[in-house]
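J.: In full-length UniProt numbering, the protein residues as written are 1 to 224.
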């Protein structure tokens, strides 16, 4: 399965290309530079592999939740590439991608992902892993004040940049964790691998389906 994936949901900007015996990626923490970096990253990876877009099976992107501008940049690029090359598209939850990254880097079995949502709120969800070693959400993705985050039962590890953004508000729940933060930013490599499993199951859409998932319904707030 040959998949190109892009992610721009947080300060981290990444692209990844996977295929048989191949896993290439680019990652950079670069706030406000996603629009400049994503397409060149993708072009570099394809050139390194010696592939064109027409050699791919599908495209994938981090569909959110995350920074609204970053999500729209990634979704827009994926839509354009998919239309131009007639490729199917898979959107992957950035919280699930973070859980998969924690599993990949630290071997965790259960993960509480908390990402900074700005406006004194966080995106959060808890995950364990199914028999395919894919993250399974224990409940639903939510946006809420940090004090509303609830730890899952049993042993778990933290992931996401929210733990650093709101250390005092999350101190009580963080104290129950079984280790340090296992992953900070979602990575396109994990998005690509999760997408490959979905494509193999026939679970992919068209360019028109490359739509961000914001979770937060209120996208603007007037000052008091």
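Quick reminder that beta carbons are idealized off the backbone N, C-alpha and C, glycines included.
Because the structure is a prediction, the values reported are computed rather than measured.
For residue 99 and residue 52, what's the separation of their Cα atoms in angstroms?
T.: Within the chain shown, numbered from 1, the residue matching residue 99 stands at position 99. Within the chain shown, numbered from 1, the residue matching residue 52 stands at position 52. Residue 99 and residue 52: Cα-Cα distance of roughly 30 angstroms.
J.: Quick check on this structure: which residue in 114, 42, 19 has the alpha carbon closest to the alpha carbon of residue 225?
T.: The first residue shown for the chain is 1 and the last is 224, placing residue 225 beyond what the model contains.
J.: Whose CA, out of 195, 161, 193, lies closest to the CA of residue 181?
T.: Position 181 of the chain shown holds residue 181. Ranking 195, 161, 193 by Cα distance to residue 181 puts 161 first.
J.: Run through the DSSP bridge pairs and tell me what residue 20 is partnered with.
T.: As a position in the chain shown, residue 20 is number 20, starting the count at 1. According to DSSP, residue pairing for residue 20 in a beta bridge does not occur.
J.: Can you name, in chain order, every residue of its own chain whose Cβ lies under 6 angstroms from the Cβ of residue 44, other than the five neighbours on each side?
T.: Within the chain shown, residue 44 is the residue found at index 44, counting from 1. Cβ neighbours of residue 44 beyond the five flanking positions: none.
J.: Which word fits residue 120, buried or exposed, when buried means at least 16 other C-beta atoms lie within 10 angstroms of its C-beta?
T.: Here the question's residue 120 lines up with position 120 in the chain shown. Result: exposed.
J.: Within its chain, find whatever has a CB closer than 8 angstroms to the CB of residue 197; leave out the 5 residues flanking it on each side and keep chain order.
T.: Here residue 197 corresponds to residue number 197 of the chain shown, with the count starting at 1. Only 132, 134 meet the Cβ criterion.
J.: On the three-state DSSP scale, how would you describe residue 180?
T.: By 1-based counting over the chain shown, the position of residue 180 is 180. Residue 180: coil per DSSP, three-state reduction.
J.: With 16 other CB atoms within 10 Å as the buried threshold, where does residue 69 fall?
T.: The count along the chain shown starts at 1 and reaches residue 69 at position 69. Counting Cβ neighbours within 10 Å, residue 69 comes out exposed, since fewer than 16 surround it.
J.: For residue 191 and residue 94, I'd like the C-alpha separation in whole angstroms.
T.: As a working note, residue 191 is residue 191 in the chain shown. As a working note, residue 94 is residue 94 in the chain shown. Their backbone Cα atoms lie some 8 angstroms apart in a straight line.
J.: By how many angstroms is the C-alpha of residue 139 removed from the C-alpha of residue 221?
T.: In the chain shown, residue 221 corresponds to position 221, counting from 1. In the chain shown, residue 139 corresponds to position 139, counting from 1. Residue placement at residue 221 is flagged as unreliable, the pLDDT there being 49, under the threshold of 50; a coordinate-derived value is accordingly withheld.
J.: Report the three-state DSSP secondary structure of residue 154 (helix, strand or coil).
T.: For this step, residue 154 is matched to residue 154 along the chain shown. Coil at residue 154, not helix or strand.
J.: According to the neighbour-count rule (16 or more other Cβ atoms, all chains shown, within 10 Å of its Cβ), is residue 22 buried or exposed?
T.: The sequence position of residue 22 within the chain shown is 22, counting from 1. The residue in question, residue 22, is exposed, as its Cβ has fewer than 16 Cβ neighbours within 10 Å.
J.: Just checking, does the stretch 195-214 make contact with the stretch 71-83 on the three C-beta pairs under 8 angstroms criterion?
T.: yes
J.: By a C-beta neighbour count over all protein chains shown, 10 Å radius and 16 as the cutoff for buried, is residue 63 buried or exposed?
T.: Here residue 63 refers to the residue found at position 63 of the chain shown. By the 10 Å Cβ count, residue 63 comes out buried.
J.: Does the Cβ-Cβ distance between residue 65 and residue 199 come in under 8 angstroms?
T.: Locating residue 65 in the chain shown gives position 65, where the first residue counts as 1. Locating residue 199 in the chain shown gives position 199, where the first residue counts as 1. No, these two residues do not count as a Cβ contact at 8 angstroms.
J.: When you compare only the Cα positions, how much space is there between residue 153 and residue 174?
T.: Here the question's residue 153 lines up with position 153 in the chain shown. Here the question's residue 174 lines up with position 174 in the chain shown. Cα to Cα, residue 153 sits roughly 13 angstroms from residue 174.
J.: With DSSP run on the structure shown, which of helix, strand or coil describes residue 102?
T.: Position 102 of the chain shown, counted from the first residue, corresponds to residue 102. Helix at residue 102.
J.: So residue 58 and residue 188 are supposed to be a Cβ contact under 8 angstroms. How far apart are they, rounded?
T.: As a working mapping, residue 58 is identified with position 58 in the chain shown. As a working mapping, residue 188 is identified with position 188 in the chain shown. The Cβ separation is near 14 angstroms, so there is no contact.
J.: Taking the alpha-carbon of residue 87 as reference, which of 136, 211, 4 has the nearest alpha-carbon?
T.: To locate residue 87, count along the chain shown from 1; it is residue 87. Among 136, 211, 4, the Cα nearest to that of residue 87 is on 4.
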